[in-house]
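Following: one structure in structure tokens, then a few remarks.
In the working numbering, the protein residues as written are 2 to 168.
Written out as structure tokens, the structure reads:
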């Protein structure tokens, strides 16, 4: 956590969680491989195949994630970037950018899908996805409207700082 000198119940909990996780992580890293762990191998070609399918359409079981579509775009596009894999030939960078543009509210921010109300979380996901896609993709962001959207959600430092997720 980035220390800013402001101590809140949330920052104390965050620090405690980070300490517990750090201890678990060290224990895992320092332990020898146990039986079966030597098979922990990343199979990038299988991951890429799965990711390509998800960017084109999702199985019906994903209907519950309808309001998370910018997140799905981000998770898939960013995962492909981490694997140094291209987008599927059927889905161009422009198609992803065009879809995210449909999720953008004219007054700023992005909703979880087209015509959905803007929310801080899908706004983050949409912008992160566009950043991953590159400079040209960023041109779809209504920058002034997005700035106003973020400013409307900013919480003053004396009130705890940070942002509210919705109005």
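Cβ coordinates follow ideal geometry from the N, Cα and C atoms, glycine included.
For this session: Report the option in 162, 168, 167 whose CA atom is closest to the CA atom of residue 11.
Result: Here residue 11 is taken as the residue at index 10 of the chain shown, counted from 1. That would be 162, whose Cα lies nearest to the Cα of residue 11.
For this session: May I ask you to verify whether the stretch 59–71 touches the stretch 23–30, counting CB pairs closer than 8 angstroms and requiring at least 3?
Result: no
Problem set entry | Limits of the alpha helix (DSSP H) - the one that residue 123 falls within | The sequence position of residue 123 within the chain shown is 122, counting from 1. Unbroken alpha helix (DSSP H) run through residue 123: 121–134.
Exercise. Looking only at C-alpha atoms, which of 83, 117, 153, 33 sits nearest to residue 46?
Worked result: Stepping through the chain shown from its first residue, residue 46 is reached at position 45. Answer by Cα proximity: 83.
For this session: Can you tell me which of 50, 99, 120, 68 puts its alpha carbon nearest to the alpha carbon of residue 77?
Result: Residue 77 sits at position 76 when you count from the first residue of the chain shown. It is 50 whose Cα lies nearest to the Cα of residue 77.
For this session: Give me the Cβ distance between residue 71 and residue 130, rounded to the nearest whole Å; I'm assuming they're in contact under 8 angstroms.
Result: Position 70 of the chain shown, counted from the first residue, corresponds to residue 71. Position 129 of the chain shown, counted from the first residue, corresponds to residue 130. So it is a contact: roughly 6 angstroms between Cβ atoms.
For this session: Tell me whether residue 97 is buried or exposed, calling it buried when 16 or more other Cβ atoms sit within 10 Å of its Cβ.
Result: Numbered from 1 along the chain shown, position 96 holds the residue referred to as residue 97. Burial call: buried.
Problem set entry | Own chain, CB closer than 7 angstroms to residue 92, minus 5 neighbours either side, in chain order | The count along the chain shown starts at 1 and reaches residue 92 at position 91. Result list for residue 92: 56, 57, in chain order.
Exercise. Per DSSP, what kind of secondary structure is residue 112 in: helix, strand or coil?
Worked result: Counting from 1 along the chain shown, the entry for residue 112 is found at position 111. Strand at residue 112.
Problem set entry | Cα-Cα separation between residue 9 and residue 67, rounded to whole angstroms | As a working mapping, residue 9 is identified with position 8 in the chain shown. As a working mapping, residue 67 is identified with position 66 in the chain shown. Near 34 angstroms, if we compare the C-alpha coordinates of residue 67 and residue 9.
For this session: Please state if the CB of residue 165 and the CB of residue 149 are separated by a distance shorter than 8 angstroms.
Result: Locating residue 149 in the chain shown gives position 148, where the first residue counts as 1. Locating residue 165 in the chain shown gives position 164, where the first residue counts as 1. No, the Cβ-Cβ distance between residue 149 and residue 165 is not below 8 angstroms.
For this session: Evaluate residue 142 with the Cβ neighbour count: other Cβ atoms within 10 Å of its Cβ, from every protein chain shown; 16 or more gives buried, anything less gives exposed.
Result: As a first step, residue 142 must be located in the chain shown, where it is residue number 141. Answer is buried; the Cβ neighbour count reaches 16.
Problem set entry | Counterpart residues of residue 105 in DSSP-defined beta bridges | For this step, residue 105 is matched to residue 104 along the chain shown. Residue 105 pairs with 111.
Exercise. Are the beta-carbon atoms of residue 107 and residue 146 separated by less than 8 angstroms?
Worked result: For the purposes of this step, residue 107 is identified with residue 106 of the chain shown, where counting begins at 1. For the purposes of this step, residue 146 is identified with residue 145 of the chain shown, where counting begins at 1. Yes, these two residues count as a Cβ contact at 8 angstroms.
For this session: Return helix, strand or coil for residue 157, following the three-state DSSP convention.
Result: Indexing the chain shown from 1 puts residue 157 at position 156. DSSP places residue 157 in coil when its eight states are reduced to three.
Problem set entry | Residue environment, residue 135, which counts as buried when at least 16 other CB atoms sit within 10 Å | By one-based count along the chain shown, residue 135 stands at place 134. Exposed.
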